[in-house]
Amino acid sequence: MARVKGALNAKKKHNRVLKLAKGYRGARSKQYRVAKQSVMRALTSAFAGRKQKKRDMRSLWITRINAAARLNGLSYSKMMHGLKLANVDINRKMLAEMAVNDAEGFKTLAELAKSKIA
Numbered sequence: 000m001a002r003v004k005g006a007l008n009a010k011k012k013h014n015r016v017l018k019l020a021k022g023y024r025g026a027r028s029k030q031y032r033v034a035k036q037s038v039m040r041a042l043t044s045a046f047a048g049r050k051q052k053k054r055d056m057r058s059l060w061i062t063r064i065n066a067a068a069r070l071n072g073l074s075y076s077k078m079m080h081g082l083k084l085a086n087v088d089i090n091r092k093m094l095a096e097m098a099v100n101d102a103e104g105f106k107t108l109a110e111l112a113k114s115k116i117a
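Here it is in structure tokens:
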């Protein structure tokens, strides 16, 4: 059998990494060895960032719900507890959306939660 050398595959692999490193400063975007380290770190950070974004959004929703609940005379925890007792199964994303865009609807939920707690 003929001998197969790895030049073409290596070149493809290098180009793939260098394409991901486009826009990096200096050797990070030009030299494969340095670019590979930067890209690996960047991809790890990107993965972690996607997880962090979910945590940040949940925190934002809770803050918005708390602010709106306090305008209606409840704390966040009392509001959520009252909704749970009332068997209202609505997620925090939708509650936050209601708090911002549908104050009347949120107020009815707050009254329902108040009545179930008392």
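Going by numbering that gives the first Met the number 0, the first residue of the sequence shown is number 0, and it counts up by one from there.
A virtual CB, placed ideally from N, CA and C, is assigned to each residue, including glycine.
Bear in mind the structure is a predicted one, so any value in this text is a computation, not a measurement.
Can you find the residues in the same chain that come closer than 8 Å, C-beta to C-beta, to residue i, ignoring five residues on each side of it along the sequence?
{"i": "glycine 104", "result": "Met97"}
{"i": "alanine 102", "result": "Ala67"}
From residue i to residue j, what does the alpha carbon distance come to, in whole angstroms?
{"i": "lysine 52", "j": "arginine 2", "result": "50 Å"}
{"i": "leucine 108", "j": "asparagine 86", "result": "11 Å"}
{"i": "aspartate 88", "j": "leucine 19", "result": "43 Å"}
{"i": "leucine 82", "j": "lysine 50", "result": "28 Å"}
{"i": "alanine 68", "j": "alanine 117", "result": "16 Å"}
{"i": "valine 38", "j": "lysine 10", "result": "17 Å"}
{"i": "asparagine 8", "j": "asparagine 14", "result": "10 Å"}
{"i": "asparagine 100", "j": "alanine 66", "result": "13 Å"}
{"i": "histidine 80", "j": "threonine 62", "result": "16 Å"}
{"i": "methionine 146", "j": "alanine 6", "result": "The chain is shown from 0 up to 117; residue 146 falls before or after that span and cannot be answered."}
{"i": "tyrosine 31", "j": "arginine 54", "result": "34 Å"}
{"i": "asparagine 71", "j": "lysine 106", "result": "7 Å"}
{"i": "alanine 47", "j": "alanine 41", "result": "10 Å"}
Are the CB atoms of residue j and residue i within a distance shorter than 8 Å?
{"i": "arginine 24", "j": "tryptophan 60", "result": "no"}
{"i": "methionine 56", "j": "alanine 112", "result": "no"}
{"i": "alanine 26", "j": "valine 16", "result": "no"}
{"i": "leucine 159", "j": "lysine 115", "result": "Here the chain covers residues 0 to 117 and nothing more, so residue 159 does not appear."}
Which residues in the same chain as residue i place their Cβ atom closer than 6 Å to its Cβ, once the five residues preceding and following it in sequence are excluded?
{"i": "serine 44", "result": "none"}
{"i": "leucine 94", "result": "Ile64"}
For the putative contact between residue i and residue j, defined by C-beta atoms under 8 Å, what is the C-beta separation to the nearest angstrom?
{"i": "serine 28", "j": "lysine 21", "result": "6 Å"}
Identify, in the order they occur along the chain, each residue of the same chain with its Cβ nearer than 7 Å to the Cβ of residue i, setting aside the five sequence neighbours on each side.
{"i": "lysine 12", "result": "none"}
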